[in-house]
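Participant: Numbering (mature numbering (1 follows the signal peptide of the UniProt record, and there is no 0)), first residue to last: -25 to -1, 1 to 263.
Yeah, the Cβ is synthetic: ideal placement off N, Cα and C, and Gly gets one too.
#1: Between residue 74 and residue 35, which are expected to be in contact by the criterion C-beta below 8 Å, what is the C-beta distance as a whole number of angstroms?
#2: Please say whether residue 83 and residue 129 have beta carbons closer to each other than 8 Å?
#3: Here's the rule I'm using: 16 or more other beta-carbon atoms within 10 Å means buried, otherwise exposed. How should residue 252 be labelled?
#4: Can you tell which of 66, 122, 191 and 67 has the C-alpha that lies nearest to the C-alpha of residue 163?
#5: Rounded to whole angstroms, what's the CA-CA distance from residue 191 to residue 103? Just pull it up for me.
#6: Which first and last residues belong to the beta strand (DSSP E) in which residue 302 is found?
#7: Hey, residue 116 and residue 181: beta-carbon distance below 8 Å or not?
#8: Identify the continuous alpha helix (DSSP H) that holds residue 125 and give its terminal residues.
#9: Taking 8 Å as the cut-off, does the segment 202 to 220 touch the segment 37 to 45 (at least 3 CB pairs, one atom from each stretch)?
#10: Rank 112, 127 and 23 by C-alpha distance to the C-alpha of residue 64 and give the top, closest one.
#11: Looking only at its chain, what residues have a beta carbon closer than 8 Å to the beta carbon of residue 221, apart from the 5 residues adjacent to it on each side?
#12: Hey, quick one: how far does the alpha helix (DSSP H) through residue 238 stretch, first residue to last?
#13: Can you list, in chain order, the residues of its chain whose CB lies under 6 Å from that of residue 152, leaving out five sequence neighbours each side?
#14: Please check if any C-beta of chain C sits within less than 8 Å of the C-beta of residue 230.
#15: Do residue 218 and residue 97 count as a contact pair if the criterion is CB distance below 8 Å?
#16: Cα-Cα, which of 110, 31 and 155 is closest to residue 246?
#17: Between 134, 133, 249 and 212, which lies nearest to residue 259 when the distance is taken from Cα to Cα?
#18: For the alpha helix (DSSP H) containing residue 88, list its first residue and its last residue.
#19: DSSP state of residue 217, grouped into three classes?
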């Protein structure tokens, strides 16, 4: 369910760097310094970072190639298609950090699994969008229509709020769930088909589905055009900005903090704006 984006040679180098970090940690037995990777003899630190391929992997690749050398950072990107894996892999010590999630999702993961994870400020926003192969306008969605929605409890309220924004639902809050909506909240009697978020783009063409709510990274991977969406989530003041996260035991690790700093640089904001000019991906801090 996950793969490295580097060549085998790069992975071998990463393994050596990780081994060096372990040796250094062992030698510092009584130290209270932050855990995490240390620089090698050339002053370069290799970070192993979990990410979904689009856009997180692409953004990390840009940072690694364009900004990393001057910062003394090398990034080994491990790609995931399943949202449940990056935090688990990080908790098990297989990743130094991850970059794939927004804070409400992370908070739900911490509540569900007891992870001890810290995070930086928002880097970018991936708007949710409603796609349909059956209808050309939101107004065409009738009573009893079937909507494809994420099965992820941490993201369902966000998807439901998008439907509320166009008048299909009402009185939605952060605790709302698709399968427990009241008649007052769901006056049209919409039916919901829950799917893992990574396959929602595949159900858009299903004749049994009137529309599906899809996250930005997944509709990009599927080749869907944001301009074809029936509605796109507003990004202003969004609480769903994606963040860099790391184990709390690594708080203060210089390499991780440097990566977080680079992700918030003007260069990265400009890269996001230029790579996704239609607003499919939006920097949390707009480019100047």
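Facilitator: The structure says:
#1: Going by Cβ atoms, the distance from residue 74 to residue 35 rounds to 6 Å, so yes, they are a contact pair.
#2: The Cβ-Cβ distance between residue 129 and residue 83 falls below 8 Å.
#3: With fewer than 16 other Cβ atoms within 10 Å, it is exposed.
#4: Distance from the Cα of residue 163 is smallest, within the candidate group 66, 122, 191 and 67, for 122.
#5: In a straight line, the C-alpha of residue 191 is about 6 Å away from that of residue 103.
#6: What is shown of the chain runs -25 to 263, which leaves residue 302 out entirely.
#7: In this structure, the beta-carbon distance from residue 116 to residue 181 does not fall below 8 Å.
#8: Here residue 125 belongs to no alpha helix (DSSP H); instead the beta strand (DSSP E) covers 121 to 125.
#9: Taking one beta carbon from each stretch, the segment 37 to 45 and the segment 202 to 220 have fewer than 3 pairs nearer than 8 Å; the two do not touch.
#10: The shortest CA-to-CA distance from residue 64 to any of 112, 127 and 23 is the one to 23.
#11: Correct list, in chain order: 11, 65, 71, 72, 73, 92, 93, 94, 228 and 231.
#12: 229 to 238 is the span of the alpha helix (DSSP H), which, as asked, contains residue 238.
#13: Here the set comprises 131.
#14: This model lacks chain C altogether; it includes just one protein chain.
#15: In this structure, residue 97 places its C-beta atom within 8 Å of the C-beta atom of residue 218.
#16: Of the candidates 110, 31 and 155, the one whose C-alpha sits nearest the C-alpha of residue 246 is 31.
#17: Comparing Cα positions, the closest option is 212.
#18: Its alpha helix (DSSP H) spans residues 78 to 88.
#19: Three-state DSSP puts residue 217 in a strand.
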